Amino acid sequence: MLHIPEEADLFRILQVFIPDKEHVWLPASVKGIEGSVVTVKVEDVETGGAPVANMSLGASVVGKVVSVDLSKTDVINVIQARTVKSSTANTSISLPLQNKVMTKTHGFEDMISVDHLHEGAILYNLRQHTYTGKICIAVNPYQWLRLYSPETMQLYMDGSRENKAPHVYAVSMESFFHMRTHTINQSILVSGESGAGKTETTKIMMNHVATLASTSDMSIIQRIIQSNPLLESFGNAATARNDNSSRFGKFTELQFDVRGHLMGARAHTYLLEKSRVTHQAPGERTFHILYQVLAEASTLPHLHLDASRRYRYVQQDPADKVKLEHSWADTQNGLTIVGIADAMQSDLLRVLAAILHLGESDFEMVEGDVDSSQVADAAVLATAADLLGLPVAHLEKVLTFRSVIVGREVISKPMTVDQARDCRDAVAKSLYSSLFTWLVDQINAAIGVGHASHFIGILDIFGFEAFVHNSFEQLCINYANEKLQQKFVQDVLKTVQVEYEEEGISWHHVTFADNQDVLDLIEGRLGVLSLLNEESSLATGTDASFAHKLSAVMDNHARFETPRLHSSAFIILHYAGKVLYDTNGFLDKHRDALLPDIKKVLGESSVHLVRTMFPTDMASSSHRSLHRQSSSLSATHHHAKRGPGVAATRAVTVGTQFKESLARLMDKISHTNVHY
């Protein structure tokens with residue numbers, strides 16, 4: 000029988016949380032204590048409605064008596080824990096306490112009201128919507144609930160949170176009324192990890208704001224709302240965590256007149272993950288629209304597609320043909336609503352089908368010449384060329400030869416088989432990303448206005464990512480999340496504490512992690528992006544040399560590590576955890592090179608949309624830059640003679656473009672009233 004010391008009598012009747020591998024934390028009541036071992040009985044938390052985090056603990060868990068050796072756990076000295084002395088051991092033991100109110104009500108609507116604040120309390124207090132001060136936490140239930148019915152929406156139309164349950168509608172409501180009352184631009188930052196439900200939450204709030212901002216022209220609202228599924232079709236894909244993951248960032252400005260009526264909207268997009276067009280990780284998929292087109296193969300015979308065939312660029316079969324057909328219908332409807340004519344829709348389908356056929360083309364070595372390649376199946380490439388409105392001979396030449404400068408002369412140099420395949424993939428990615436950019440421009444032209452009195456910007460940007468394999472895209476995504484984290488810390492903690500100090504208000508200092516050192520590591524003068532720019536400009540630069548240089552320069556940085564068994568990788572200690580990045584492919588993705596000969600050929604297409612995406616002035620500019628090069632790297636890198644393997648000025652790379660666009664975004668947000 001366990002001895003309960005007198006000073007632990009209170010502890011014995013306490014309700015606590017104990018650590019658990021499956022449920023993370025389990026609610027329990029203390030029954031006894033001896034040494035560092037506490038005996039508890041697992042209980043259910045009577046919340047009047049099961050919390051989101053643990054819908055049911057199960058009969059096999061509730062009522063179970065468990066002994067917890069706190070000397071072997073990581074919960075010693077947990078914040079807001081009850082500490083007592085054991086009579087059989089000269090030690091203090093701690094367990095996080097339950098909050099009494101939580102066991103008798105539906106929990107706290109605002110985390111600020113929680114007396115004992117720790118991980119277990121947060122876990123069991125979370126509902127579909129919970130506040131932390133002005134911040135709304137929305138938990139993804141992975142099913143459609145009646146939380147977003149018209150009746151619920153009507154409850155959040157008067158501008159006040161009082162006497163209303165927590166809801167994302169309260170955030171969109173407050174942003175609208177604050178804009179209209181104070182004539183200040185607003186921003187709503189929707190953040191969270193991949194699969195947290197950011198995109199759906201963004202659409203929910205956009206619908207609500209559109210309802211709040213009444214307008215006589217309902218077609219404006221229809222076009223704005225319809226633009227969301229349209230962009231999802233072209234910019235979203237299934238990942239290991241999320242069947243509808245946004246593979247691009249989006250800042251949507253809802254535009255209003257002086258009376259607060261909705262006039263239009265404008266979408267700013269960031270960093271489409273175009274590498275997904277040609278390669279997907281195991282268990283993942285390419286963009287939705289390509290599956291939609293394949294599902295329509297039987298009704299679009301001129302595209303020469305076969306829905307039963309496995310295409311190189313489409314590694315997974317469509318999961319649900321009926322659902323995909325409905326999605327294609329939605330996409331067609333959306334294209335029409337935003338004013339894209341039938342002829343352009345036909346061109347769009349040709350480009351998408353051409354990408355799939357291009358992926359089926361392959362190359363083989365020219366007999367007796369390992370440095371040359373030729374098309375292995377001319378008929379396959381001919382189909383892609385026809386859809387793109389190109390002579391097949393022209394397309395074949397730019398895929399197997401490239402122009403280089405030798406002295407004052409331009410000559411055609413053959414590509415190896417691997418180089419030709421890389422060139423093919425580069426064309427496919429460029430076609431898709433150019434199509435996406437064109438589509439965004441068309442949407443903005445259809446739903447945006449040139450001059451608006453004010454705007455509410457809603458940011459739906461990629462969540463923090465840490466996969467088994469992380470590449471250049473994940474670095475950019477996590478860089479963006481570091482920026483947002485810094486903004487959040489400044490708004491929620493740092494700014495308030497500075498104000499308290501300036502006003503002489505007595506307060507307990509709150510320690511928080513400032514991630515400026517991580518941002519310096521990525522974007523600083525000798526940061527990852529700077530070194531990547533430098534290595535990309537060298538004719539001799541490789542992914543391996545970049546990894547080596549990065550390791551040498553960052554060796555002593557507290558947020559940087561070099562893995563012992565992976566010389567081509569590096570680790571960054573982000574605010575959300577460690578991420579290992581594989582540098583293989585970094586330079587190509589950063590350069591984003593498309594040979595000028597290819598741009599020229601595409602610019603001469605007989606298909607109007609293709610010519611629009613690759614105007615002849617772009618091709619001419621690329622050829623002029625080719626003549627300024629001292630090596631045959633890429634027309635996007637302008638070289639001058641500065642010694643072996645060294646380049647002079649260079650065009651803006653993907654990482655630099657993203658850094659600059661991110662800086663503009665954060666500057667715009669900083670001039671708004673921000674909601675989370």
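The end of the sequence shown is residue 675 by numbering that gives the first Met the number 0, with every number in the run present.
Beta carbons: idealized from backbone N, C-alpha and C, even for Gly.
All values reported here derive from a predicted model rather than from experimental measurement.
Asked                                                                                                                                                             : Found
Go to GLN185, then tell me how far its beta strand (DSSP E) extends in each direction, as first and last residue.                                                 : 185-189
Under a Cβ-count criterion, where at least 16 other Cβ atoms within 10 Å of its own Cβ denotes burial, should ALA599 be classed as buried or exposed?             : Contrary to the premise, residue 599 reads as Lys rather than Ala in this sequence. LYS599 comes out buried.
Go to LEU572, then tell me how far its beta strand (DSSP E) extends in each direction, as first and last residue.                                                 : 568-573
Check GLY462 in the structure and name its three-state DSSP category.                                                                                             : coil
Taking GLY683 as the reference, which of LYS273, ALA280, ILE224, GLN314 has the closest Cα?                                                                       : Given a span of 0 to 675 for the chain in the structure shown, any question on residue 683 remains unanswerable.
So, is VAL369 buried or exposed, given that buried needs 16 or more other C-beta atoms within 10 angstroms?                                                       : exposed
What are the start and end residues of the alpha helix (DSSP H) that includes GLY248?                                                                             : No alpha helix (DSSP H) holds GLY248; the beta strand (DSSP E) holding it covers 248-255.
Below 6 Å CB to CB, which residues in the same chain sit around ILE111 once its five sequence neighbours on both sides are set aside?                             : GLY132
By how many angstroms is the C-alpha of GLU408 removed from the C-alpha of ALA639?                                                                                : The pLDDT assigned to ALA639 is 35, lower than 50, so where the model puts this residue is not dependable; a value taken from the coordinates is nonetheless given after this. One C-alpha to the other measures close to 16 Å.
Could you check how far apart the C-beta atoms of ALA237 and ARG284 are, in whole angstroms? I think they sit under 8 Å.                                          : 4 Å
Check whether the Cβ atoms of VAL337 and LEU270 lie closer than 8 Å to each other.                                                                                : no
Could you check which residue in TRP327, ASP376, SER660 has the C-alpha nearest to that of LYS249?                                                                : SER660
Looking at C-alpha atoms only, which residue of LEU594, HIS115, SER544, SER535 is the closest neighbour of PHE746?                                                : In the structure as shown, the chain starts at 0 and stops at 675, and residue 746 therefore has no counterpart that could be examined.
If you draw a straight line from the alpha carbon of GLU252 to that of TYR123, how long is it in whole angstroms?                                                 : 36 Å
Report the CB separation of LEU348 from LEU299 in whole angstroms; it is logged as a contact under 8 Å.                                                           : 7 Å
Among residues of its own chain, excluding the 5 on either side of ILE668, which ones have a beta-carbon nearer than 6 Å to its beta-carbon?                      : SER186
What's the C-alpha gap between SER326 and HIS507?                                                                                                                 : 54 Å
At the level of alpha carbons, what is the spacing between ARG663 and GLU366?                                                                                     : 53 Å
Among residues of its own chain, excluding the 5 on either side of PRO643, which ones have a beta-carbon nearer than 6 Å to its beta-carbon?                      : Caution applies to PRO643, whose pLDDT of 38 falls short of 50 and renders its modelled position unreliable; the model cannot decide the point.
Please list the segments of the alpha helix (DSSP H) lying wholly inside the segment 408-490, counting only runs of 4 or more residues, in order along the chain. : 416-446, 471-488
For MET364, name the three-state secondary structure that DSSP assigns.                                                                                           : strand
Find the nearest neighbour of VAL676 within the set ASN477, SER307, PRO149, judged by alpha-carbon distance.                                                      : Since the first residue shown for the chain is 0 and the last is 675, residue 676 is missing from the structure and cannot be characterised.
Apart from the five residues just before and just after ALA209, which ones in its own chain have a Cβ nearer than 7 Å to its Cβ?                                  : ILE220, ILE223, ILE224, LEU261
How many Å lie between SER371 and ALA592 at the Cα?                                                                                                               : 21 Å
When the Cα of HIS287 is compared with those of GLY62, ASP305, GLY234, which residue comes out closest?                                                           : GLY234
Find out if the Cβ-Cβ distance for the pair THR756, LEU528 is shorter than 8 Å.                                                                                   : Lying before the first or after the last residue shown, residue 756 is absent from the chain, which here runs from 0 to 675.
Should the segment 572-588 be called in touch with the segment 542-554, which here means at least 3 C-beta pairs below 8 Å?                                       : yes
Report buried or exposed for GLY449, applying the criterion of at least 16 other Cβ atoms within 10 angstroms of its Cβ.                                          : exposed
Rounded to whole angstroms, what's the CA-CA distance from CYS135 to ARG126? Just pull it up for me.                                                              : 11 Å
When burial is assigned at 16 or more other CB atoms within 10 Å of the CB, is MET172 buried or exposed?                                                          : buried
Is TYR155 buried or exposed, if buried means 16 or more other CB atoms sit within 10 Å of its CB?                                                                 : buried
To the nearest angstrom, how far is it from the Cα of GLY431 to the Cα of MET343?                                                                                 : A small correction: the amino acid at residue 431 is Tyr; Gly does not occupy that position in the sequence shown. Roughly 15 Å separates the two Cα atoms.
Roughly how many whole angstroms lie between the Cα atoms of VAL673 and LEU492?                                                                                   : 14 Å
By DSSP, does TRP506 sit in helix, in strand, or in coil?                                                                                                         : coil
Pull up the distance between the alpha-carbon of LEU394 and that of ILE410, whole angstroms please.                                                               : 17 Å
Go ahead and pull the three-state DSSP assignment for GLY642.                                                                                                     : At GLY642, the pLDDT of 40 sits below 50, so the modelled position is not reliable and the matter cannot be decided from this model.
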